[in-house]
Each structure stands twice: as C-alpha cells, then as structure tokens.
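Right, one structure below, let's go through it.
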Amino acid sequence: MIRRLTFNLAPGRILGIVGESGAGKTMIGRVIAHALPAGFAVTGGSLRLDDDNLVRLTPARRRALLGRDIAFVPQEPMTALNPVMTIGAQFSEHLKRLGITSRRTRALELLDAVHLRDGAALLRRYPHQLSGGMCQRVLIAMAFAGRPRVIVADEPTTALDVTIQARIVQLMAELQRNAGTAMLFITHDLRLASRICDEIVVLYAGRAVERGPAASLLAEPAHPYTRSLQLASPTMTGPRRALLALAHRMPGLLELAGMSGCRFAPRCPIAEADCLTMDPLDRAAGPMRVAACLRVDGAHRIAVSGLPVAPAIASGKPVLRLHDASKRFRSFWGATGTWAVHDASLVIGAGEFVGLVGESGSGKSTVARLIMGLERATSGRVVLGDRDVTRASAADARHRLHWAQMVFQDPQSALNPRRMVGDIVTQVLQAGRRPLDRTRRMERARELLAEVGLGADLLERYPAQLSGGQRQRVNIARALCAVPRLLVADEIVSGLDVSVQAQLLALLLRLRAERGIALLFISHDLSVVRHLCERVLVMHRGDIVEQGPTETVFASPRHPYTRRLLAAVPPDDPALPWQPFPDEAELMPPAGPPRAAVAVPSR
Amino acid sequence: MNALLSGRVLVGAALILFVSLCAMFAPLLASHDPGEQDLLNILLPPAWSSGGDAAFPLGTDSLGRDQFARLLYGARLALLVAVTAACGAAVLGTVLAHIAGYFGGFLDWLIGRAVEVWMSFPPVILSLILMVGLGTGADRVVLAIVLVDWTRFCRVLRAEVLVTTQRDYVTAARLSGFTHLQTLIREILPATLPLLITLLSLEMGIAVIVEAILSFVGLGVAADQVAWGQMIADARSNFALAPWTLLLPMAAIFFTVTGFNLLGDGLRRTLDVRQTIARSA
Amino acid sequence: MIAILFLLARRLLTALPILLTVSILMFVALRLLPVDPAAMSMPPNATNEDIAAKRREMGLDKPLTTQYAIWLRGALHGDFGRSIQLRRDAGHLVTAALPATIQLALCAMVIASVLGLGGGLLLFHLRGGASEALGDLGTTVLLSVPEFLWALLFILLFGVLLPVLPFIGQLGPQFSVVRVTGFLLIDTLLAGQGSAFASALAHLTLPAAALGIAFSPAIMRVLRSGLLDVYHEDYIRQARLRGIGEGRILIVHALPNAILPTLTLMGVQFGFLFGGTLLVEVLYSYPGLGNLMVDAVRNADLPLIQTVGLTYCIVVLLIGMTVDALVLVLNPRLRAR
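Respectively, the protein sequence lines represent chains A, B and C. In terms of our numbering, the first sequence opens at residue 1 and continues consecutively. In terms of our numbering, the second sequence opens at residue 1 and continues consecutively. In terms of our numbering, the third sequence opens at residue 1 and continues consecutively.
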C-alpha cells in the first residue's frame, strides 16, 4: 500500500501529510500505533523515535511509549471518549498512568490551557454533555498532558464545523509551539495544512510524490499532482476560474499491484510514455524540495483558463418562492418546541444557482425538506412555479415531480443497495398508475447516465460496485429523470475528494448551460458556493441572516455571523494572515440542558 | 448463494427435512396405529435392548402403544403447528411492525403500547389463558401461538424498519411519486426480509416447544391426537421404570428445535443480519 | 437519584394502564370459554334451576362490562373473588404460593446471570480462534433446549440415574417450618433449622439450575456481541493509544458499556424466566404459582386464573422496572434527561 515513504520530523516542528482518501494517510498513524487492519503488514523500513524503531518494538515498550511519548488526537472527538465515564475519570486514569500525583490540579491546568472554562464543573460531566469542539479540546489536553515527543493528529477537525475547526487548529499550533513538541498533522486539506505545518508531504496512492517547506510548496508545486490538487480546489479570493477536473480516480489497492511506473501517470496532464513504465525516483526540485516526477519542472505547465460559469440565464420567472416559511418541531406531548426554520423567504429564478450556507443545526436541511414537501411548514408559503405546495398534498407531490427534485447528501444512503443503477435512475417512471415497461425505462436510463457522464455499462451494476463519485452522479441522474426545473442539493460534495468534487461541479454547471436548470446548493463549504452560485444565503440558528450576490456578501459581509464564518476559512494566499474570530459559543460551558436541541427531522 | 450452503444451514435443513419426511410418510413407516393399545406388551424397551420386541422398534408406553408410531405421528402435528403458527405470527407481526416503523406517530405509539401489554405476560401464561378461552385442538394451538408470538416479530422488525425508513433512498422513492404501499413493498420490505426469514425459522422452533408445553399440560390437542408433549406427560408416571419413554419424545423435540435454530442461525449469518438477535427475538 | 425516582414514578404510571388492559384482555379471553363455570362449581346432580341460581349468585347473568366493573371494584379493595375449585379466597391462595415461586425465580436468575455473563466473557475471549465456531455452535444447541427439557433431563440424571438430589416438592417431609416470610430459605434460617435449610436448598437446586441454564445462552450471546461492538468503538482505540493495558480496557472501558444492552435483554429474559417457572414447578411438584395456575386452568377456575395471571404480569412489570432502574444507574446518557 505505502511505498518507500521517508520523512524526518524534528522537535518543535509540524509535518503535514496531505492526500485524498485512499492515499494512505491514515495508514501512517496506524503504523505508528501498531494498529494495522487485518491483512496489512510493514514489510520493510524503519520508523525511529530517537532510539526506538517503532516498527519493531516489544509490546511492553510500545505500550510504555504510547500516551507518554507519542500521543494521538483522533478524527471523531465525539466517539473517542468513553461515554459512561466522566471527563474527570478519564483524565485521572490517563494522568495516573503518566505518574502524575496531583492529578486534579494538573487536569484543571490542562483544561485551562485548551481554553475550556470552569474546568471543575467540566470534570464532572460526561462526554455526551459536551459539544464536538469541547470533546476535541479535552482530547487535545490529554494528548499534551504527558509532554509527548510526538503528537499524531489524524484529520482532527474534519468532523467539526468550520468556525470551530479554525479555533482547534490554532489551539493545536499554539500548544505545540509552547511545548516544543513535534507534530504529525494528517489532513486532506492542502490549504489548511499550509497554514499550520512547517513542512508538507503530499501523498498519492501510497507514494510520497512531493515534499518540502509548506510555503514554497504551495506557492510553487513541483509535482503535477500537487499542482492539480491546487487547481481543482475553488478559491475564496481573486477572480473565479474554472477548476481542473482530473479524469479517472486514484488507483485502488488491487490496481496498484500491476503498476510499474509513476502511480499518477494515468491521470497526469503532462505524462509521456516513459512515465507509465519508469519508476520516478525522488528528485530535487528547488531548495529543500523533493518531488517524485520525471518532469519536475513541468508542473507549472498545467493550467486551466477561462470562466467556469456560463452566464446565468436570468429569466424573470421564479421557479421557487418561499414566503416567511417557518418550521417548528414539537415534542410529542409538549407545547414547547424549537424553531428549526424561522420566517425564511427566498426566490430562485429559472437557471439560477443559489447557495445556502450555515453550520450544522442551522436549519439548512429543513429548508430543503420544506421545499420538497417532506416537512409541512408551520407557517408561511412554499410556491413552486405557479402552484402553492405548502399543504404537501398528493396533487402537490405530482406537481413537484416536474418542478423540484432532490439530490441527497450521502449517496451510500440515497441509493437502495438492492437495486440496479438502471432501475434507480428511472424509478420516477415506475411510480404512479401507469409504470413504463422495462425496455423503455432502460432507454431513458441510458440517456440519463450519458447526461451525467456515465457509461451505459453501469446500467446493471449495484450501488456497492460504484465509486463515490459515480454514486453521486447516479444520485443526480435520478433527480433529473422527471426533468425538474430546480434541483435541491444538500451537501452533495462534502464527502468527496477535491478532484471528484471538481468533476461534479463542472457537471452541475454543464446541466445549467444545457437545460437551464436552477439549483439550491446547500453547503458548509464557502469556496464551493463561491465557485458555483451567483447568490448566497447565510443561515444561522433557523434564521436567514444575510443574503445577496455571492461576491458582495463574501467581500463585505454585514452580519457578524457571516463575518465569523468567512474568517474561519484560511485565505488562499499563504502570505496573508489568517485570523479566525474567537468562537464565543465554543468557550462558554453550556448552561442548563447539555446541548442545544438540534432539530431531528421527524417523518 | 454458496454462502447459503454454509454448514449450519445444511445441517439445520437436513434435520428439518428428516423430521418432515418422517411426518409425511408416517403411515408407511409405522407398522402400528399410534393409538393401538397392546396391554400385553406394556413398557417394552427398544428392540435392541434385552427384553425388546422387534415388532416395537422403539418400545411401547404404559398402554402398550408403539412409541415409534407415536413419534412419527407426533412429528406431523409438531411440524404442522410450527409452520402454520410461525407464518401466522410472522404475517401479523410483520404487518404491524411495518406500519409502526414506517408511519411512526400515533400508530407507532399504539402498536408500541400493545406490544408492551403483551410483553408483560410471560408467553407460557398467556398461551395457557388463551387455551382456556379457546378450547383444545390443533387449530386453537396455532391461533394461541399466533396471538402470543406476533410481538417477537413486531419488536425486532420495527427497529429494522425504523432504520431503513431513515435511509435517504426511501425519501427518494417518495419524491419519485411512489405511494406509501409501493414504498413499503419495494424499498423497505426487501431490507427487512433477511431478518424476517431468520425470525421465522427461529419462531418455528419456539412453536414446537409451545405446542409440546400445551400438550404436556393437557390443553393442546384432543386426547386422540398424538403429540410429543402428551407422550412426555404419559411417560412421567413411569420414567423411573422406563426412562426411554421419556427420552424419546424429548430427543424428538430437541432435534427438531435444533434443526430450526441451526437453520435460523445459519441464515442470520449468511443473510448478514444484525448479530444481536438472540432468544429475545 | 432524583432521575431514578422520576423514572420509577413514570414507569409505575405507565404500568397501571398496562395492568388494567391486561385484566380486561384476560376477562374477555376467559369469557370466550365454552364451559359454564357455574355448572362446574355445582355437584353433578344439580338441577338447571340450581345452576341458574348459581349463575345469578356469581353475577354471570349480567353483561360483560358490568361483570368486569364488579370484579375491578373488588380487586381495588383487595378482593379478587373466590376460587371455585378450592373454595378459598383467590388473593390468599396467591399470596401463599408467591414466595416459593419468587424464591425459585430469583435463584434461577442468579444462576442464569452467572452462567450467561461468564459464558459471554468466555465466548468473547475465544473470538478469532478455532474454538469460536465451536462456542457458537454450543450456544445454538443450548438455545434449542427449553427449560422443561432441562428439568426433565435433570430429574433423569440427578434424581433417577444418580439419585443425589430430591426432585419432588420444596422441603423434605420430615421438616415443618413456621412460615414467617413465606420464603423457605429465610424461614428455616430464622427458625435456626440448619438441616431444614439444607433440605430446602437441595430441593431448590435442580429446578433453579434447569431454569437458569435454559435462560443463560441468550445472555451469553448478547454480552459477546455487545463486547465485539464496543471493541470497534473509537474510545477503545483511543484508550489503547493512551497506552492503557488490555485488562483495564476490558474491565474499565469495555464491560461497563457492553453490559448496558446485556442488561436490557436480561430484563426481557427474566420476564420469560418468570413464566418458565410454571412448567418447572409442575415437573418438580413445587408448590408455587405455577401449580396453582395449572390446577386452576384444568378446572376452569376463572377467578383464580384471573388472579394468578395478573400476579404474573405484576411481577414481570416489576422485573422490567428494576432492570430499567439499573440501566439508568449505569448509563449516564439516559440519566442526563
């Protein structure tokens, strides 16, 4: 899986390991922890921590090092703490193992160091009474407790909201600076890595393709893959440009066995014949820079040009109008309830792409469910075209079929694993009183697959046989079957790698150019919204706090929440300073009920 | 498909097949009528032990009836009750589970409360009370088992339906214009089917036991029908003298139930259902 | 603490409508009966007029709802009617028989828990090895043996083949014990009768073991699969990465989490187990609720059936409540609300 990976990490430095899913990032942490999944083994090489070779340690020695000299910050903070033990008990267990005697005092110091107030009360709490960000702070405090020599942080912020993510990253950098610890920061986000790391290793299909100081690596990528990664990510500043959409996808484990040359060559825009056969060895690519490429100085030739966005087809006729739509979820018996959406108004014209941003629990998804008739509005009106569909009756549902369709967030859950792709994309034609026969449906399925850039050979496949990107295309194809005028897309690119994301964004833009479809694009990723949508709405705790043309809102945000959201995104240019706002809500220990009631949509 | 042929499934199916064949060909296999009394030959041991008689391969009971014939005819009743009762309970429980899990709200609440009321009765007690009310007979036994054991299906399947209903593809089906009934049949039932089949097999084993218990207490089938539970009850007075009269029906019950359980257990593994269902199911 | 009291109060509140529904269902089910309880309670030479008079006396001529109302009023005042067969107050009969059954059930529960939890740990320990399949097969086979087969088997093995333990009644005939609590094990100790205590314990051994064994494999399985699930959790991995030893991970981190689903299942199992006492009591001629029930059923003794049936329900609900309270104590996620 991983081949010939070499890196050095000096005390007080942060090394970033950057790669897309399947690149082998997580494997590195697992090798260090000696927790490889079944079927994997370290076949050679060494991993030294001062005098210890971590690959060949006795179990006793390894256990002695773990937690004390090597500490881990996990990916999913909410599940990494034992739910039936108090924070205090888990702290105490850890500190006791480290041989610290005045455990309570030390625990309070540590909590203070990660900016958690009222540590004494916190120690009595259970993990489920804390937010994800607070859990991660607790785990970070525990990781630093033993003044370890190395900290391994595997995607420590991926599971958190953007504003919290920014704070956690800064916190880790701050603690690491003060303690002089070395840190391995594993992430998929090149931009984030460049902000915190001193040095970066870019991983592709288990191979380190490029290595170098963070600033110069980002400013001038030497390997075509790093360059492509950069060009595939949408930006937050500067003119909008098209994204580089690499063809195919990263080779999987089985494909790797049959490859002899550069593992990136089949997708590389500047590859030549020898790339496929010759193993590119590490070559110097500037001061302190190494890249594994036969054409080290060719990367800058990769470029994309032009506008990504076909000009909006602004016709006067709106496809969707929401008038003061509100949704309140009531408890079964109770009179009290929480407003998931409060007086939301929005208009989407034909062919218009509108972004809806906000953090988890802000009510974005409820807006989508109101439009789709999956929830009935408590008050206000939902109008699709010229028909009021607020009541969500059966006739409304038939009308909606040709006006609005939904693309779901998680293609894993959105595609029935027991049905074939051909049946899934044409299920609209199977519904109703007069279902179409199979031959006619397969004909239509073929058209639909072609429209989303998939081959007809997938017709008889099951979802489990598809890649993540293919599944999301099938998901879109199904929504297109009834030829709706509006797509409602809820976080449809959030789980995907940037190169796949770029392909999907291009597809959505092409659909608009070809058939003038409108889009409500719900996302937490501001740069994607900036790339795709000319208008944006910002939601915060059920309210639409700001809306307007994307460029205007992002350039001069008026609402404090929008400002905070924007500040949390690291600027593209590594030279610009990154100053996320201190997150007040995060620092405040929750009063009363443990966590703000997050509206769980009921059926 | 090759997974379907796992060891457990094979052994379980073989056991059930064996018992079924015995039941089906009982009149051909047995040389005596199961009710025929031979008061000269009472409590004969099996043919192979000393004092045994080749005319009674597995010996006789206290009334001189042929144990072999009684076992075979007992299998008929046991399987008949097991299959019909389990299917009945499955249909009732599955329908209610899907209604509760899919629609939620008041219906779910109502069905949930009904299950709670049923669960507060130990099954044995409830079936006894029902048998008092219904009277004896094989059809009554089936009815009692259905009325008692639908909750086993309802409880377990409802949770599964709930999980499936929250999947986005079910929402997508609704948005594609499927009716509730179409959605239930096309999207949800296929997902719950493996669990249902597993439960069905396990329930057949349970039904065999319940039928034996009711016959043992004397509330099962009419006195002239042969049931394993009845054989145990008859043998109780003489078991010190003739332990085999007790052991034979016990073994019959054990092997039949093991067959159903192995089958169910094997199916659970091969059909990849959640691991947590045990006897509580 | 307050949360637990609150939960118990809520459970009690929901238990009342359940009991009411149960009593109505039983009332209706028993009135489907083709036999006439009035006729059964009369001598065979009674005339039709006598029977009709008896029916009036028993209130059987009134509409079902009125009959139920009369019964309910009585029940609320502690009067559950008179047994037709035994001609005694049904409530008294039940209170006399209940301690013996509870004693049996409690001993069986202890045995089931010890075997179930121990077996579950053992099965978990065997995971991944060749003996795992064997252990799995073992539990499947164990699950196929219901309590009444165990009871019969134990009688044959330890009563007849190796006559080491008694299998009739709950006390040797030579002893007489003053009933104080009704629980023989306690009463013999209170009276200072050591040998009677030993006899009572010996009489309890086989039926309790039969019941306990029958209900243990389900517990084994749930504990094992609970542990397997928990070991996939991030917090176990994270504890390992903190260098915590495997023994401590099992005892401090895994078990307290895995025990929660196990306890919930044990609540259900113990409800079934309490029903299972019926057959075991019959087989061991153990004078408890089960024998009372079977006699009542055979004689269509409606008031007694109704009272005993309700008693079973009350005990099952109490078991459920106890387990719920225990889960609440052990699970902070439920306690917070």
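Heads up, the beta-carbon is just placed ideally off N, CA and C, and yes, glycines get one too. These numbers come from a predicted model, not from an experiment.
Between residue 58(C) and residue 74(C), the alpha-carbon positions lie close to 13 angstroms from each other.
Minimum Cα-Cα distance from residue 424(A) among the listed residues 477(A), 439(A), 148(A), 375(A) corresponds to 477(A).
If you look at residue 222(C), you'll find it in the alpha helix (DSSP H) that goes 194-231.
With a threshold of 8 angstroms between beta carbons, residue 291(C) makes no contact with chain A. In the three-state reduction of the DSSP assignment, residue 160(B) falls in the helix class, which pools H, G and I.
The Cβ-Cβ distance between residue 327(A) and residue 390(A) does not fall below 8 angstroms. Listed in chain order, the non-local C-beta contacts of residue 76(B) below 7 angstroms within the same chain comprise 23, 26, local neighbours out to five positions each way being set aside. Taking all protein chains in view, the Cβ of residue 7(A) is surrounded by fewer than 16 other Cβ atoms within 10 Å, so the residue is classified as exposed. Interface annotation, residue 238(C): in contact with chain A, CB-CB separation under 8 angstroms.
The beta carbon of residue 178(C) lies closer than 7 angstroms to those of 187, 191 in the same chain, with the five residues before and after it left out. Beta-bridge partners of residue 544(A) (DSSP): 539(A). Secondary structure note for residue 405(A): its beta strand (DSSP E) is the uninterrupted segment 404-407.
Within its own chain, the residues whose Cβ lies closer than 7 angstroms to the Cβ of residue 148(A), once the five positions on either side in sequence are excluded, are 68, 69, 70, 71, 181, listed in chain order. For residue 245(C), the closest C-alpha among the options 107(A), 492(A), 514(A), 60(A) is that of 60(A). For the segment 187-203 of chain B, the set of residues with a beta-carbon nearer than 9 angstroms to any beta-carbon of chain A comprises 187, 190, 191, in chain order. Membership of residue 361(A) in any beta strand (DSSP E) is not indicated, and neither H nor E is assigned to it by DSSP. For residue 78(A), no alpha helix (DSSP H) run applies, since DSSP gives it neither H nor E.
Beta-bridge analysis with DSSP links residue 204(A) to 207(A).
Within chain C, the residues whose beta carbon sits less than 9 angstroms from that of residue 243(B) are 156, 160, 161, listed in sequence order. Three or more pairs of CB atoms, one per stretch, sit closer than 8 angstroms, so the segment 443-452 of chain A contacts the segment 468-485 of chain A. Here residue 457(A) is exposed, its C-beta having fewer than 16 other C-beta atoms within 10 Å. Counting along the chain, the unbroken beta strand (DSSP E) around residue 153(A) starts and ends at 150-154.
Assignment of residue 53(A) by DSSP, reduced to helix, strand and coil, places it in the strand class. By a beta-carbon distance limit of 8 angstroms, residue 148(C) does not contact residue 206(C). Their separation comes to about 13 angstroms. Contacts with chain C at 8 angstroms (Cβ-Cβ) do not include residue 204(A). As computed with DSSP, residue 323(A) is found in a beta bridge with 381(A).
Taking every protein chain shown into account, the CB of residue 260(A) has fewer than 16 other CB atoms within 10 angstroms, so this residue is exposed.
In this chain, the alpha helix (DSSP H) harbouring residue 272(C) covers 255-283.
For residue 64(A), the chain C residues whose C-beta falls within less than 9 angstroms of its own C-beta are 243, listed in chain order.
Identification of chain A residues near residue 182(B) by a Cβ-Cβ cut-off of 8 angstroms yields 431, ordered along the chain. Residue 436(A) and residue 170(B) have their C-alpha atoms spaced approximately 20 angstroms apart. Sixteen is the threshold: when 16 or more other Cβ atoms of the shown chains lie within 10 Å of the Cβ of residue 261(B), as they do, the residue is buried. For the segment 395-409 of chain A, the beta-carbon criterion of a distance under 8 angstroms to any beta-carbon of chain B is satisfied by 397, 398, 400, 401, 405, 406, 408, 409. Residue 399(A) and residue 324(A) have their C-alpha atoms some 22 angstroms from each other. Within the DSSP bridge table, the entry for residue 347(A) names 321(A) as partners. Two segments are said to touch when three or more pairs of C-beta atoms, one from each, lie closer than 8 angstroms; by this definition the segment 198-211 of chain A touches the segment 219-237 of chain A.
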